[in-house]
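Take a look at the structure set out below.
Number of protein chains: 2
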Amino acid sequence: MSANKRKYTQSLDLVQGKVEMAHGAGGKAMAQLIEQLFIRAFDNPALNVQSDQAMLALPDTAGLASGKIVMATDSHVISPLFFPGGDIGSLSVHGTVNDVVMSGAKALYLSVGFILEEGFPLADLKRIVDSMAFAAREAGVAIVTGDTKVVEKGNGDGVFINTTGIGVLPEGLELSTDQVRVGDKVLVSGSLGDHGVAIMSLRENLTFETTIESDSQSLDQLVARMIDRIPDIRCMRDPTRGGLAATLNEIAGQADVGIQLQEEAIPVKPQVRAACEFLGLDPLYVANEGKLIVICPKQRADELLALMHDHPQGADAAIIGEVFEDPNHFVQLKTSFGGMRMVDWISGEQLPRIC
Amino acid sequence: MSANKRKYTQSLDLVQGKVEMAHGAGGKAMAQLIEQLFIRAFDNPALNVQSDQAMLALPDTAGLASGKIVMATDSHVISPLFFPGGDIGSLSVHGTVNDVVMSGAKALYLSVGFILEEGFPLADLKRIVDSMAFAAREAGVAIVTGDTKVVEKGNGDGVFINTTGIGVLPEGLELSTDQVRVGDKVLVSGSLGDHGVAIMSLRENLTFETTIESDSQSLDQLVARMIDRIPDIRCMRDPTRGGLAATLNEIAGQADVGIQLQEEAIPVKPQVRAACEFLGLDPLYVANEGKLIVICPKQRADELLALMHDHPQGADAAIIGEVFEDPNHFVQLKTSFGGMRMVDWISGEQLPRIC
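As they're listed, the protein sequences go chains E and S.
For the first sequence, the working numbering assigns the number 1045 to the initial residue and increments by one for each residue that follows.
For the second sequence, the working numbering assigns the number 1045 to the initial residue and increments by one for each residue that follows.
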């Protein structure tokens, strides 16, 4: 590595430079991009070996030696690339870390695959890469291997990022929708709709008194705390694309149950609600990138809620519903006016390129 | 899962249907696509759970319990999507499996991330997915988790595929460019340039007496055999983008050595050589997708070569060069005429979107 480094005496122009086809061509320009941008930002022993694969020691810490690893993948195509509360870089770390930790696992390693459009400013790429590196450090994960491809102008859209994550499961832990039972409580870790509304407001050029920020964040710490104290949690999911509605319909179908929600219990920020009304969106269908849904036995719900409230990532957590017997797997909402309405899957396109 | 399945009574039109924005929107259409296309094709227990992550038991087979796992990622943007000898689907499996097994590991699991362009024919997607499934079965890997995004027409190019792979290392095995020593022999597993020339011929609409086919294949079986019988192999690499030249320059730099090649020993098929001359390409710089470079101690070279010859994937293997002391890390070629020429890195774009 250090020997190899000497080859790239020319420095990458991270201020004015642009992505060129050569940056994906397997030659010196690509090696230079990897050396001077990615490796510098993601710096860790497994990545720095610069092999085509990452060699990963599984930690032999007691409690992590169950022999079960967890892998999750997400491609990110969000538009615009930069938004209040984050960017495609931080989002690509948060999204995959959250997918891993929803299983109860501790996230350890990430891979990253970039698809770059010819002509994309390197300064923007650096900003994205730095943001990924920061998000990875915060979540305690190492980005251990990567790949870069470049497509001609007009055949991509700036940057697409795939992240794939690996984690290890604490011994004996098995969260699954199979564990869900009638009578269980449904909790959410905080207010809904922030991410999707932040992006749509930006696209529509809406301004409100306060800027609506994406909730994009890694939930690793909150999850670790929950798992540690309430190991009989049934299952967790992060309500991303399709929002709460899609996630609960998925759970209801897999668990062979119905779910009834209390509308007034569902936390939605006033400015998010106002923006939703303006944009014609329903916050229950809007993507979140830093929230989780958790289902737990009825008798543990209050304890779990208190525990979540104690952590900044769960400060606005709420018990929002209950699991019922229902062969139709309906998710229903008891409205503030006492009526009931169906919370069905969205049936088509709602918010394109929201993550 | 089975409960959930009942929801999608409408069948996906895999003949006339097209990818719609809804296929990436997190709702029913996306669930339908996953159920009726991906899960049917990739069918395996870890994937079928349909959670956001794959839970993976590490095999406790003796010899695989070293506690080291290997992870590799590759995004594939090849154009055209279908070519003689393969397609983006098979390539995306072969490419990542090969990256994993070059470490000496046994590849076990793959994740897949699709970025689809609105309007892409589902029939083509099915062809690609079936091809991935076949390639995965052949290589003995399971595609255990995935993600699908859709971008608007004009912001992508049909299909981009990220695959990320996980493998486990046999106990005690440690291949690395650090192990390379002066005097070591350099071998290649077969003829060079087939993949790149197949793609370029297709793009340029060239026809030859025989169609040049990509060499795209998973090298897992050949590698397992090599590792098993000659565990003192120094290192292996697959010469993909940038070809033999890029791979050997990378090794020379990392190992702090020089490499000298014998031009006449390097296997290149006559029709590939002819096409290269026609296209103005040098086969040493052209991408391969089913070949490996291996460096081994001088005294094991003949045994390794015989072993490779015994396997169909190594039938045309050859000893092509030797490792020298060289603080400049030059890769040089002794030509058939007795002269020497530098085999430098390609310095810019050569073959865009070759993988």
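Ideal placement from N, C-alpha and C gives every residue a C-beta, glycine not left out.
| request: Could you pull out every residue in the same chain whose Cβ sits closer than 7 Å to the Cβ of E/Gly1202, ignoring the five residues on either side in sequence? | output: Cβ contact annotation for E/Gly1202 (same chain, cutoff 7 Å, sequence separation greater than five): Leu1125, Glu1161, Phe1164, in chain order.
| query | Can S/Pro1214 and S/Ile1274 be called in contact, C-beta distance under 8 Å? | reply | Not a contact, by the Cβ cut-off of 8 Å.
| said: In this structure, how does DSSP classify E/Asn1206 when only helix, strand and coil are distinguished? | reply: Strand.
| S/Thr1255 at chain E interface by Cβ criterion, 8 Å | Not one chain E Cβ lies under 8 Å of S/Thr1255.
| request: Report the residues of the region 1133-1163 of chain S with a CB closer than 8 Å to any CB of chain E, ordered along the chain. | output: The residues in question are Asp1143, Val1144, Met1146, Ser1147, Ala1149, Tyr1153, Ser1155, Val1156, Gly1157, Phe1158, Ile1159.
| If we cut at 8 Å on Cβ distances, does S/Ser1119 have a partner in chain B? | Among the protein chains in the structure shown, which are E and S, there is no chain B.
| said: Rounded to the nearest angstrom, what separates S/Thr1291 and S/Val1330 at their Cα positions? | reply: Those two C-alpha atoms are separated by around 11 Å.
| CB of E/Lys1313 within 8 Å of CB of E/Ser1235, strictly | Cβ distance < 8 Å, so E/Lys1313 and E/Ser1235 count as in contact.
| task | Tell me whether S/Ala1289 counts as near the ligand NAP, meaning its Cβ is closer than 7 Å to at least one heavy atom of that ligand. | result | As presented, the structure is devoid of all ligands, the ligand NAP included, so that no description of it is given.
| Would the beta-carbon of E/Gly1287 fall within 8 Å of that of E/Asn1332? | Yes. Within cutoff.
| query | Under the DSSP definition of a beta bridge, which residues are partnered with E/Arg1397? | reply | Checking the DSSP bridge columns, you'll see E/Arg1397 has no partner listed.
| E/Thr1032 and E/Pro1128 closer than 8 Å at C-beta | A query on residue 1032 of chain E cannot be resolved here, the shown segment of chain E reaching from 1045 to 1399 and no further.
| Is it the case that the Cβ atoms of E/Met1176 and E/Ile1159 are separated by a distance below 8 Å? | Contact flag unset, no.
| task | Name, please, each residue of chain E whose Cβ falls closer than 7 Å to the Cβ of S/Thr1208. | result | Correct list: Thr1117, Ser1155, Thr1208.
| Going straight from the alpha carbon of E/Met1384 to that of E/Asp1360, what length do you get? | Rounded to the nearest angstrom, the two C-alpha atoms are 25 Å apart.
| message | For a cutoff of 8 Å on Cβ pairs, would you count E/Glu1248 as touching chain S? | response | The beta carbon of E/Glu1248 sits no closer than 8 Å to any beta carbon of chain S.
| What does S/Lys1335 touch in chain E if you count any residue whose Cβ is under 7 Å from its own? | Correct list: empty, because the minimum Cβ distance to chain E is about 14 Å.
| field | Range of the contiguous alpha helix (DSSP H) that encloses S/Met1244 | value | Note, S/Met1244: alpha helix (DSSP H), 1238-1247.
| field | Identity of the residue in E/Thr1251, E/Pro1356, E/Thr1208, E/Arg1171 nearest S/Asp1119 by Cα | value | Reading off the sequence shown, one finds Ser at residue 1119 of chain S, where the question assumed Asp. Considering only alpha carbons, the answer is E/Thr1208.
| query | How big is the Cα-Cα spacing for S/Ile1205 and E/Ile1205? | reply | Spanning the alpha carbons of S/Ile1205 and E/Ile1205 requires a straight line of approximately 11 Å.
| Helix, strand or coil: which one does DSSP assign to E/Met1352? | It is helical.
| task | Return helix, strand or coil for E/His1373, following the three-state DSSP convention. | result | The answer is coil: DSSP assigns E/His1373 none of H, G, I, E or B.
| message | Give me, in chain order, the residues of the same chain whose beta-carbon lies closer than 6 Å to that of S/Met1244; leave out the 5 immediate sequence neighbours on both sides. | response | Leu1323, listed in sequence order.
| message | For S/Gly1334, count the other beta carbons within 10 Å of its own beta carbon; 16 or more makes it buried, fewer makes it exposed. Which is it? | response | Looking at its Cβ environment, which holds 16 or more other Cβ atoms inside 10 Å, S/Gly1334 is buried.
| field | Beta bridge counterpart(s) of E/Tyr1153 as assigned by DSSP | value | For E/Tyr1153, the pairing in a beta bridge is given by DSSP as E/Ala1186, E/Ile1210.
| task | Check the DSSP bridge columns for S/Val1367 and list the partner residues they point to. | result | S/Ile1303.
| query | Is the region 1227-1234 of chain E touching the region 1337-1350 of chain E in the sense that three or more CB pairs, one from each, lie closer than 8 Å? | reply | Taking 8 Å as the limit for Cβ pairs, the verdict is that the region 1227-1234 of chain E does touch the region 1337-1350 of chain E.
| said: Can you find the residues in the same chain that come closer than 6 Å, C-beta to C-beta, to S/Asn1112, ignoring five residues on each side of it along the sequence? | reply: Residue identity differs from the one stated: residue 1112 of chain S is Lys in this sequence, not Asn. Excluding positions up to five away in sequence, the list reads Leu1213.
| said: Please report whether the beta-carbon of S/Gly1200 lies at a distance below 8 Å from any beta-carbon of chain E. | reply: Yes, S/Gly1200 lies at the interface with chain E (some Cβ there is under 8 Å from its Cβ).
| said: Please report whether the beta-carbon of E/Pro1396 lies at a distance below 8 Å from any beta-carbon of chain S. | reply: Taking Cβ atoms only, chain S reaches closer than 8 Å to E/Pro1396, which makes this a yes.
| CB contact check: S/Val1063 to chain E, cutoff 8 Å | Under the 8 Å criterion on CB atoms, S/Val1063 is classed as non-interfacial with respect to chain E.
| Do you know offhand how far S/Asn1293's Cα is from S/Gln1080's? | Between the C-alpha atoms of S/Asn1293 and S/Gln1080 there is a straight-line separation of about 45 Å.
| said: Short of 8 Å in beta carbon distance, which residues of its chain neighbour S/Gln1357, apart from the five on each side in sequence? Order them along the chain. | reply: If we look at S/Gln1357 and ignore the five residues flanking it on each side, its Cβ neighbours are Ser1233, Gly1234, Gln1261, Leu1263, Gln1265, Leu1266, Gly1334.
| field | E/Lys1170: contacting residues in chain S (beta-carbon distance under 8 Å) | value | Per Cβ cutoff of 8 Å: no residues; E/Lys1170 is ~20 Å from chain S at best.
| message | With a threshold of 8 Å between beta-carbons, can E/Thr1105 be considered close to chain S, or not? | response | Any reading at E/Thr1105 is ruled out, since the residue's pLDDT is 41, under 50, leaving its predicted position unreliable.
| field | Integer-rounded CB distance, given that E/Leu1077 should sit under 8 Å from E/Thr1192 | value | Yes, they are in contact, since the Cβ atoms of E/Thr1192 and E/Leu1077 sit about 7 Å apart, within 8 Å.
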